[in-house]
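Accompanying notes for the structure given below.
In my numbering, the protein residues as written are 80 to 224.
Encoded structure:
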């Protein structure tokens, strides 16, 4: 799977580790930055990943910041994105199965790397459930600009 990943300075260390983890699983990872842990503004990097996903350069996206909240909020401003801020593998699976989430936002400060690896495992391995969930996703899409 082709996966676009980015962080801000707070998520930089885990972004580096999670990108390597995904590559080790055989995924094609597009690292959208940043290249250091110098202070940056998370909306800039969330937008890069979101555009990769909606433009088809990546099938899914991963965002890492201090909490994951800001990244998810920013990414969700891009039409076609359904970013979910999750803190557990179960939430990641449900975000995929029920909401067809195409970006997962995780916490680099409050969730340990091992748990974030499990979150990514669930996120990339869970398919959208369709059925009754498809109608709800269509309603979410209808809310876009």
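All C-beta atoms in this analysis are idealised placements derived from N, C-alpha and C, irrespective of residue type, glycine included. Treat the numbers as computed from the prediction; the structure is a model and nothing was measured.
query: Buried/exposed call for residue 217, threshold 16 Cβ in 10 Å; result: exposed
query: Neighbourhood of residue 189 by C-beta distance below 8 Å, restricted to the same chain and skipping five residues each side; result: 145, 146, 166
query: As assigned by DSSP and simplified to three states, the class of residue 184; result: strand
query: According to DSSP, residues forming a beta bridge with residue 81; result: 107
query: Exposed unless 16 or more other CB atoms sit within 10 angstroms - verdict on residue 103; result: exposed
query: Closer than 7 Å to chain B by CB, residue 87; result: This model lacks chain B altogether; it includes just one protein chain.
query: Beta strand (DSSP E) segment containing residue 162, residue limits; result: 162–164
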